[in-house]
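> Remember, my numbering sits 1368 above the position in the sequence shown when you count from 1.
No residue lacks a Cβ here, since even glycine has one placed at the ideal position from N, Cα and C.
Questions regarding the structure given below will be posed in turn.
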Amino acid sequence: MFVLFGPGGAGKGTIAARLVESDPRLWLSRSWTTRLRRPGEDEDAYVFVDRPTFEARVAADGFFEWAEFIGNLYGTPVTDPEPGRDVLLEIDLQGARQVRRLRPDATLILLLPPSPEVQEVRLRARGDDEEHIARRLAEGAAEEREGRGIADAVVVNDTVAQATADVASILALRRSRAH
Ligand code: 5GP
1369 MFVLFGPGGA GKGTIAARLV ESDPRLWLSR SWTTRLRRPG EDEDAYVFVD RPTFEARVAA
1429 DGFFEWAEFI GNLYGTPVTD PEPGRDVLLE IDLQGARQVR RLRPDATLIL LLPPSPEVQE
1489 VRLRARGDDE EHIARRLAEG AAEEREGRGI ADAVVVNDTV AQATADVASI LALRRSRAH
């Protein structure tokens, strides 16, 4: 199991999409969320549900991990990936902490934006509202500090191509050690 985590605006979604495109062994888990879909956001970005539906799945032990992030719930559903494939999770710091506990053998990769300024530009570009941008930036520093404490590797997303290549080489190294 591989986990990409880090502050909003670091580029986790973009890097995760690139990785699964070029690596057929990698299976990207699709999370559930109670957040509303952003204008222009892909319908398949999440399973978009209301709070009661999410809470019912929590009660039924249907999530591997879940967390509340800025007023919305996000969770990784318990599913069986195809045999022989590695699972990739793209989650927040709270989720990464749970994975660290549940799966000590998972590889946790902290993805960071090159600077708070670049992070802000990226958050704005994807259409987050001002309140969410402010809250995500405020939480970014703490997320980075705590994230470094549990991560197996840290990658700075300066350019998508470089960061994707860096993460891919971490995956390759981890896999070579597992055999
Ligand atoms: P966003 O609203 O920007 O799509 O996601 C907000 C945060 O929730 C991001 O840090 C994202 O990685 C995280 N997230 C997405 N899916 C999950 C999940 O299944 N579990 C957890 N813990 N966090 C998630």
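Would you give the residue range spanned by the alpha helix (DSSP H) that G1508 belongs to?
1498–1518
> Is it the case that the Cβ atoms of G1508 and P1375 are separated by a distance below 8 Å?
yes
> DSSP on E1411, reduced to helix/strand/coil?
coil
> Please specify which runs of the alpha helix (DSSP H), each continuous and at least 4 residues long, are wholly inside the segment 1408–1453, giving them in chain order.
1419–1427
> Say the cut is 7 Å; is the CB of S1544 nearer than that to a heavy atom of ligand 1?
no
> How about W1395: is its Cβ closer than 7 Å to a heavy atom in ligand 3?
Judged by which ligands are present, ligand 3 is missing from the structure shown, whose ligands are ligand 1.
> Using only CA atoms, which one of T1527, F1432, W1400, D1448 lies nearest to L1441?
Answer by Cα proximity: W1400.
> Whose C-alpha, out of A1378, R1465, F1432, is nearest the C-alpha of V1455?
Here the closest residue by C-alpha is F1432.
> Would you give the residue range spanned by the beta strand (DSSP E) that T1532 belongs to?
Per DSSP, T1532 belongs to no beta strand (DSSP E); it is in the alpha helix (DSSP H), 1528–1546.
> Is F1437 near ligand 1, in the sense that its beta carbon is under 7 Å from a heavy atom of that ligand?
yes
> Measure the Cβ-Cβ separation of I1477 and A1510 and say whether it is below 8 Å.
no
> State the Cα-Cα distance for the pair F1370 and N1525, rounded to the nearest angstrom.
17 Å
> Indicate, with yes or no, if ligand 1 has a heavy atom lying under 7 Å from the CB of Q1462.
In this structure, the C-beta of Q1462 approaches ligand 1 to less than 7 Å from one of its heavy atoms.
> So, helix, strand or coil for T1475, using DSSP?
Reduced to three states, the DSSP call for T1475 is strand.
> Would you check if there are 3 or more beta carbon pairs closer than 8 Å linking the segment 1418–1438 to the segment 1461–1473?
yes
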